[in-house]
Amino acid sequence: MFNKIIKRGNRKGARGDSAEVAARPAAPSSSSGSGGGGAGGAAPVTVNHASRATAPSPSSPTSPHVAPSAFATNPAVGAASPPLLEPLPLLRDVAAADRPGLILRKLRLVAALFDLSDSLKHPREKEAKRQALLELVDYVQAPAQAAGANAPTRLPDHVQEALVLAISANIFRPLPPALHESAAAIDPGAAPDDDEEPYLDPSWPHLQLVYELLLRYVVSPDTDTKVAKRYVDHAFVLRILDLFDSEDPREREYLKTVLHRIYGKFMVHRPFIRKAINNVFYRFIFETQRYNGIGELLEILGSIINGFALPMKEEHKLFLARALIPLHKPKSVVIYHQQLSYCIVEFVEKDYKLADTVIRGLLKYWPVTNCQKEVLFLGELEEVLEATQPAEFQRCMVPLFKQIARCLNSSHFQVAERALFLWNNDHIVSLIAQNRGVIFPIIFEALERNIHSHWNQAVHGLTANVRKMFLDMDSELFEECQQQYMDKQAKAKEMQEQRESAWRQLEAVAAKAAGDDMVLVN
Numbered sequence: 043m044f045n046k047i048i049k050r051g052n053r054k055g056a057r058g059d060s061a062e063v064a065a066r067p068a069a070p071s072s073s074s075g076s077g078g079g080g081a082g083g084a085a086p087v088t089v090n091h092a093s094r095a096t097a098p099s100p101s102s103p104t105s106p107h108v109a110p111s112a113f114a115t116n117p118a119v120g121a122a123s124p125p126l127l128e129p130l131p132l133l134r135d136v137a138a139a140d141r142p143g144l145i146l147r148k149l150r151l152v153a154a155l156f157d158l159s160d161s162l163k164h165p166r167e168k169e170a171k172r173q174a175l176l177e178l179v180d181y182v183q184a185p186a187q188a189a190g191a192n193a194p195t196r197l198p199d200h201v202q203e204a205l206v207l208a209i210s211a212n213i214f215r216p217l218p219p220a221l222h223e224s225a226a227a228i229d230p231g232a233a234p235d236d237d238e239e240p241y242l243d244p245s246w247p248h249l250q251l252v253y254e255l256l257l258r259y260v261v262s263p264d265t266d267t268k269v270a271k272r273y274v275d276h277a278f279v280l281r282i283l284d285l286f287d288s289e290d291p292r293e294r295e296y297l298k299t300v301l302h303r304i305y306g307k308f309m310v311h312r313p314f315i316r317k318a319i320n321n322v323f324y325r326f327i328f329e330t331q332r333y334n335g336i337g338e339l340l341e342i343l344g345s346i347i348n349g350f351a352l353p354m355k356e357e358h359k360l361f362l363a364r365a366l367i368p369l370h371k372p373k374s375v376v377i378y379h380q381q382l383s384y385c386i387v388e389f390v391e392k393d394y395k396l397a398d399t400v401i402r403g404l405l406k407y408w409p410v411t412n413c414q415k416e417v418l419f420l421g422e423l424e425e426v427l428e429a430t431q432p433a434e435f436q437r438c439m440v441p442l443f444k445q446i447a448r449c450l451n452s453s454h455f456q457v458a459e460r461a462l463f464l465w466n467n468d469h470i471v472s473l474i475a476q477n478r479g480v481i482f483p484i485i486f487e488a489l490e491r492n493i494h495s496h497w498n499q500a501v502h503g504l505t506a507n508v509r510k511m512f513l514d515m516d517s518e519l520f521e522e523c524q525q526q527y528m529d530k531q532a533k534a535k536e537m538q539e540q541r542e543s544a545w546r547q548l549e550a551v552a553a554k555a556a557g558d559d560m561v562l563v564n
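Residue numbers (the working numbering): 43 to 564.
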């Protein structure tokens with residue numbers, strides 16, 4: 043308990059650069075969007091992962107950083123006093139010709155950064171910024187409703203540039219230290235606490251409006267991608283990906299929606315975004331094994347994979363083999379396994395020939411001591427087998443059922459139960475029936491061991507059902523496997539008796555040589 047209190051205190055100190063302000067509800071849910079796998083090569087991608095290590099920039103000070111044109115200073119007030127707000131009219135109250143200039147002034151106000159950790163500092167300025175954000179969100183979403191019927195349907199180029207810069211000034215920031223980093227700073231030997239509640243950024247009500255503005259700009263039908271791609275460029279996408287490491291799940295949800303919409307709208311960025319996500323996965327798998335946004339990125343990829351054209355490109359097959367399948371390796375796979383499993387099954391449903399690659403990949407990363415992961419792997423394996431054709435099944439059925447036999451004999455009853463549940467799937471049973479001559483001998487011994495020695499009654503009952511299914515399917519093969527099992531058991535018993543006899547003979551010889559002074563321990 044003391045360690046948790048210390049951790050929370052350290053996190054509050056590290057994150058104390060923001061405070062709540064009033065916000066508008068209704069965060070967007072993830073949408074399916076367009077997920078086409080655009081063709082074409084892209085330049086090598088390097089993802090900047092230094093967002094947590096970056097020192098705070100001068101643009102995030104304890105006093106607000108305000109554009110000169112956004113605020114006017116009262117000459118009668120000393121230099122140490124906070125700036126006084128210059129009143130800005132509503133967009134609908136000015137002429138159409140004056141609106142671009144007014145939007146720029148409001149964007150300068152939005153770009154101003156305040157210390158949100160203290161609600162008593164500059165409350166009027168913060169409220170003015172919030173109102174400006176609300177008005178800009180409405181204007182970008184529906185210019186005619188927000189500013190009148192004569193409002194232009196498209197923002198001028200220089201206004202779009204100022205809009206993206208204002209958004210960037212707010213969302214692109216050094217992320218606060220993660221929980222494991224804070225704990226390591228206090229106690230280097232402390233283990234991470236998996237039960238820790240998710241961190242909720244106190245500045246989120248403010249950030250939510252900024253993300254809403256970005257989302258409305260991206261999805262707006264009036265946003266011309268030929269112009270917008272100059273500002274929503276590769277560097278912007280990379281910085282968006284850095285923010286996926288945020289510990290606040292609400293921010294990651296918005297980031298997921300924004301990146302998905304960027305992928306759907308900016309076709310020129312599609313190869314780059316896929317490579318950038320690929321690099322994030324590589325670094326997570328082979329270097330850090332710590333990244334908060336893996337699940338959200340996999341959700342985006344699930345929609346992208348669904349839009350891949352057939353025949354599938356070699357680039358996508360390499361992504362499956364080199365990035366998605368190795369994602370089963372990290373210990374934290376439990377967190378994002380549902381999204382990962384969906385992506386894997388999408389690949390197999392797109393191209394059934396990939397089933398052998400996927401199944402062998404699962405066997406390669408099959409957990410040895412982690413029963414929770416083993417149950418997840420068995421569930422994913424069932425979904426993959428449902429989409430597997432007989433020809434692909436035959437290629438991998440021997441190593442596959444050797445692993446299933448080990449699962450059947452697991453002392454953890456949930457693992458054994460989940461393996462036995464595979465026989466409830468009609469498609470899997472049909473695949474087994476077509477290849478019963480190979481599969482029965484592999485798993486028969488495991489079934490007999492469960493019948494005679496497994497401690498769990500539920501496993502006993504399920505094993506008996508599977509055994510009866512085999513008997514009904516091919517009684518001759520069942521009797522042959524049973525005879526082989528009995529012969530093997532008899533041979534093993536005979537060898538055990540020979541070993542015991544040999545040891546008794548050795549004991550007798552040793553006793554005879556040592557005489558009565560020799561004490562034998564039976």
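Glycine included, each C-beta is placed from N, C-alpha and C at the ideal position.
No experiment lies behind these values; they were computed from the predicted model shown.
Residue environment analysis places Asn-334 among the buried positions, since at least 16 neighbouring C-beta atoms fall within 10 angstroms of its C-beta.
Apart from the 5 residues on each side of it in sequence, Pro-441 sits with its Cβ closer than 8 Å to the Cβ of Arg-402 and Leu-405 in its chain, given in chain order. Straight across, the Cα-Cα distance linking Ile-377 with Val-260 is about 30 Å.
Distance from the CA of Tyr-407 to the CA of Ala-277, rounded to the nearest whole angstrom, comes to 35 Å. At least 8 Å separates the beta-carbon of Val-322 from that of Ile-304. Cβ contact annotation for Asp-398 (same chain, cutoff 6 Å, sequence separation greater than five): Glu-434, Arg-437 and Cys-438, in chain order.
Judged by DSSP in its simplified three-state form, Gly-349 adopts strand. The closest CA to that of Lys-530, considering only Leu-362, Pro-483, Leu-146 and Ser-345, is found on Pro-483. The DSSP-derived three-state label of Leu-132 is coil. Around Ser-452, the same chain offers Cys-413, Glu-416, Ala-458 and Ala-461 as residues with beta carbons nearer than 8 Å, after the five sequence neighbours per side are excluded. Between Gln-202 and Ala-270 a beta carbon distance of about 6 Å is seen, short of the 8 Å cut, so the two are scored as contacting.
With respect to the 8 Å criterion, Ile-327 and Cys-385 are not classified as neighbours on the basis of their beta carbons. Val-179: member of the alpha helix (DSSP H) spanning 165 to 183, first to last residue. Taking all protein chains in view, the Cβ of Ile-319 is crowded by 16 or more other Cβ atoms within 10 Å, so the residue is classified as buried. Each residue's CA atom was taken as its position, placing Leu-343 and Ser-262 some 23 Å apart. Shown here, Leu-155 sits in a strand according to DSSP, grouped into three states. Of all C-beta pairs linking the stretch 165 to 176 to the stretch 236 to 253, three or more are shorter than 8 Å, placing the two stretches in contact.
Val-501 and Asn-492 do touch by the CB rule: their CB atoms are close to 6 Å apart, below 8 Å.
A residue is called buried once 16 or more other Cβ atoms fall within 10 Å of its Cβ, and Ser-345 is buried on that count. Counting along the chain, Glu-422 sits inside the alpha helix (DSSP H) bounded by residues 413 to 428. Counting along the chain, no alpha helix (DSSP H) covers His-454, and no H or E run does either. Sorting Gln-456, Val-390 and His-454 by C-alpha distance to the C-alpha of Leu-427 places Val-390 at the top. If you check the CB distance, Leu-256 and Val-310 do not come in under 8 Å.
Gln-380 and Pro-291 have their C-alpha atoms spaced approximately 16 Å apart. Collapsing the DSSP output to three states places Lys-359 in a helix. Fully enclosed alpha helix (DSSP H) runs of no fewer than 4 residues occupy 291 to 307 of the stretch 283 to 311, in order along the chain. Around the CB of Trp-246, 16 or more other CB atoms lie within 10 Å, so the residue is classed as buried. Around the Cβ of Asp-243, a 10 Å sphere holds 16 or more other Cβ atoms; the residue is buried. For Gln-526, the uninterrupted alpha helix (DSSP H) run begins and ends at 517 to 556, by DSSP.
Excluding five sequence positions before and after Ile-446, the CB atoms of its chain that fall closer than 6 Å to its own CB belong to Ala-461, given in chain order. The beta carbons of Asp-266 and Arg-196 sit closer together than 8 Å. Distance from the Cα of His-454 is smallest, within the candidate group Ser-543, Asn-498 and Leu-473, for Asn-498. Separation of Thr-505 and Leu-450 (C-alpha to C-alpha, rounded to the nearest whole angstrom) is 9 Å. Remark: C-beta atoms of Leu-340 and Leu-382 approach each other more closely than 8 Å.
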